[in-house]
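Asker: The structure is given below, and queries will be raised subsequently.
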Amino acid sequence: MSVDEDTGASGEARFVEELADKDDFSQWYQDTVRKAEMAEDSPVRGCMIIRPYGYAIWENAQRGIDDRIKATGHENAYFPLFIPGSFLQREAEHVEGFAPEVAWVTRAGSEELAEPLVVRPTSETIIGHAYARWVQSYRDLPLLINQWANVVRWEKRTRLFLRTSEFLWQEGHTVHRTEDDAERETLLILHQVYQDFVERELAMPVIPGLKSDSERFAGALRTYTLEAMMGDGKALQAGTSHNLGQNFARAFDIKFQDADGQVKIAWTTSWGMSTRIIGALVMVHGDASGLRLPPRVAPTQAIIVPIWRKEAEREAVAAVVAEVEATLRAAGVRVKADWREERPGFKYSHWELRGVPLRIEIGPRDAQKGEVVLVPRTDRTAKESVAVGELGSRVPALLDEIQRALYDQAVAFRASRTYRASSFDELAERMADREHLGFVEAWWCGDAACEAEVKTRTQATIRCLPLDQPGGSGACVRCGKPAAKWAVFGKAY
RNA sequence: CGGGGUGUAGCGCAGUUGGCUAGCGCGCAGCGUUCGGGACGCUGAGGUCGGAGGUUCAAGUCCUCUCACCCCGACCA
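This is how it looks when you write it as structure tokens:
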């Protein structure tokens, strides 16, 4: 895809032509994020500047997540950015997992620090340290806390939103009395917080599943995940929930005296969802014209484009625009009118690029009839004229339809790119077909060697073992031995 | 971190074998004409060529180092 190399149309105009040739998905993604003014690179390697439009989407996502976290009984708190370096060492697997990407602070001003600090890559350790003091009795449990924070992981290869050296997220950390309680919590978060949020608000279908041991969080007993398919058929982990067993509780001495008088080691969980979902949003719904935002998280749900030539027309249109704005605000719609001195066509593509779900055109002809024209982002040919008086009910209904359409389209796309393989060759063939890349479902014997072999030869990994297992058994896609696990393979972001 | 590529105006690019006040398109500012799918004219502002060092009478063009970004791998939310 050539980028802005010839003359003629404006920058944004040409962008559409470029996007129409969506063959280079990575380039398309970068361009879309940048041109829609969501984010851009910063002077610091791998760190991004989240611009107001991107941040507004994040704020809406935060609200959706936070509401669910609170609704399931958790409270927010805040723990420090800096963690004593020694904390990381306490859990063997954990330090091994994170050490390579941890940023250290060794000096303050001109003083060398007595104990170097790590900039949190995640907060299990420092939170565990506090929990050890807070938890004394079974009556203190469960302890259900979440925090919104930034974390730093010095990644080798970064991409706006998808993988940045610093990212924003929420991380929940809970402590429980029994193993069952911890497992229940882990799954509650996975389904009622994450899956519900991602599917309802982001209109992004996901497969809830269990990670294989090799993909498990460093220090966890079990890691659950939500796997989503991006527009190029690759997989992206949209959220994770870990049952940490007693690993961290043991390392940080989180104990309690139970009703039977015994002192017991607690069971903990942790779970997180990050700004990465913004990248997923772009890659799942975007099209050749740019973003397509689900109404639930769109900063602007409806954009009014007034059309006029003469001053008299402008006044007539302005009166209707004001009425429409008032009506829609009253109906709870996030609406804006674009009064810039630009031609209508320019504004259409401007807002399409930014993914605004619904465009409302109001011109002299409409003003005269007391109508407006509604044009959904999901189908520009589906224009409908609606009387101003009906907008209060019609627009919210239409936004719901758009939300639904985005979800349905994503489900249909995923279905069209989900295959089954009964042999290694079939699996390898699928993973080699870049044009129709997708998920491959197959039996797996559970042997890490088979998993590793598949990865080496096809670059595909086990995204998850879906919680919704078909049951029964079959032959492992790699070794052919009896297999009881149904796995989803895919190339991951 | 390995392989490949690129850094020239806000963005996208051109700058012939080193040689005059470094160009072009978009964007931006002003004025005018336009306005139901990305308008046009005129005028104008804006770069010292990623950074450092070197070669040379002369460096955007050559050399060394360095930084950043992109693509492909390995690592990861």
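Mapped onto my numbering, the consecutive letters of the first sequence carry residue numbers 1320 to 1812.
Every residue, glycine too, gets a C-beta built ideally from N, C-alpha and C.
For clarity, every value in this text was computed on a predicted model and none was experimentally measured.
(1) Just to check my reading of the structure: Val-1494 and Leu-1540 have Cβ atoms closer than 8 Å, yes? What is that Cβ distance to the nearest angstrom?
(2) Can you tell me whether Gln-1581 is helix, strand or coil according to DSSP?
(3) Would you call the segment 1418 to 1430 in contact with the segment 1466 to 1473, where contact means no fewer than 3 C-beta pairs closer than 8 Å?
(4) Assign Pro-1801 to one of three DSSP states: helix, strand, or coil.
(5) What residue from Arg-1615, Phe-1417, Pro-1785, Gln-1565 has the CA that sits closest to Val-1438's CA?
(6) Using a threshold of 9 Å, state whether the C-beta atoms of Glu-1760 and Val-1807 are closer than that.
(7) Given Trp-1627, which residues of its chain have a CB within under 6 Å of its CB, disregarding the five upstream and five downstream residues?
(8) Using CA coordinates, which residue listed in Val-1525, Thr-1697, Arg-1749, Gln-1778 is at the minimum distance from Leu-1786?
(9) Exposed or buried, which one is His-1700 when buried takes at least 16 other CB atoms within 10 Å?
(10) Quick check: the segment 1774 to 1785 against the segment 1530 to 1538, are at least 3 beta-carbon pairs closer than 8 Å?
(11) On the criterion of 16 or more Cβ atoms from any shown chain inside 10 Å, does Pro-1618 qualify as buried, or is it exposed?
(12) For Pro-1683, which residues in the same chain have their Cβ closer than 8 Å to its Cβ, ignoring the five residues on either side in sequence?
(13) Indicate the three-state DSSP secondary structure (helix, strand or coil) for Gln-1381 in the structure shown.
(14) CA-CA distance, Leu-1612 and Pro-1435?
(15) Can you tell which of Val-1694, Gly-1580, Asp-1744 has its C-alpha closest to the C-alpha of Gln-1455?
(16) Would Glu-1680 be called buried (16 or more neighbouring beta carbons within 10 Å of its own) or exposed?
(17) What does the alpha-carbon distance come out to for the pair His-1604 and Arg-1476?
(18) Would you mind stating whether Ile-1445 and Phe-1406 have Cβ atoms separated by less than 9 Å?
(19) Would the beta-carbon of Gln-1489 fall within 9 Å of that of Tyr-1397?
(20) Quick one: using the 10 Å Cβ neighbour count with 16 as the cut-off for buried, is Ala-1686 buried or exposed?
(21) Let's see if you can read the secondary structure: which residues bound the beta strand (DSSP E) around Pro-1435?
(22) Please work out which residues of its chain come closer than 8 Å, Cβ to Cβ, to Arg-1615, disregarding the five sequence neighbours upstream and downstream, and give them in chain order.
(23) When you compare each of Asp-1766, Leu-1647, Ile-1369, Trp-1762 to Gln-1815 by their alpha carbons, which one comes out closest?
(24) Can you round the beta-carbon distance between Pro-1715 and Val-1796 to whole angstroms, since I take them to be within the 8 Å contact cut?
(25) Could you name the residues that DSSP lists as bridge partners for Trp-1467?
(26) In angstroms, rounded to a whole number, what distance separates the CA positions of Leu-1756 and Val-1640?
(27) Assign Lys-1655 to one of three DSSP states: helix, strand, or coil.
(28) Who pairs with Ile-1622 in a beta bridge, going by DSSP?
(29) How long is the line joining the alpha carbons of Leu-1507 and Glu-1642, rounded to whole angstroms?
(30) Mind checking Ala-1724: buried by the 16 CB within 10 Å criterion, or exposed?
(31) Distance check for Phe-1665 and Arg-1659, CA to CA, integer angstroms please.
(32) Which stretch, first to last residue, makes up the alpha helix (DSSP H) that contains Gln-1346?
(33) Is it buried or exposed for Arg-1753, if we count other Cβ within 10 angstroms and need 16 for buried?
(34) As a quick exercise: from Gln-1408, Thr-1441, Phe-1401, Tyr-1450, pick the residue whose alpha carbon is nearest that of Ala-1427.
(35) What's the C-alpha gap between Asn-1566 and Met-1592?
(36) For the alpha helix (DSSP H) containing Cys-1769, list its first residue and its last residue.
Answerer: On the basis of the supplied data:
(1) That pair is no contact at about 14 Å.
(2) coil
(3) yes
(4) strand
(5) Phe-1417
(6) yes
(7) Arg-1633, Val-1636
(8) Val-1525
(9) The question names His, yet the displayed sequence has Thr at residue 1700. Classification of Thr-1700: exposed, given that the 10 Å Cβ count is below 16.
(10) yes
(11) buried
(12) Ile-1626, Trp-1627, Arg-1628, Glu-1632, Ala-1635, Val-1636
(13) helix
(14) 43 Å
(15) Gly-1580
(16) buried
(17) 24 Å
(18) yes
(19) no
(20) buried
(21) 1430 to 1438
(22) Asn-1379, Gly-1383, Arg-1519, Glu-1520, Leu-1521, Ala-1522, Gln-1722
(23) Any property of residue 1815 remains undetermined from this structure, which presents the chain solely from 1320 to 1812.
(24) In fact, because the Cβ distance is near 47 Å, the residues do not count as touching under 8 Å.
(25) Gln-1489
(26) 46 Å
(27) strand
(28) Lys-1655, Arg-1678
(29) 44 Å
(30) buried
(31) 10 Å
(32) 1344 to 1354
(33) exposed
(34) Phe-1401
(35) 22 Å
(36) 1767 to 1777
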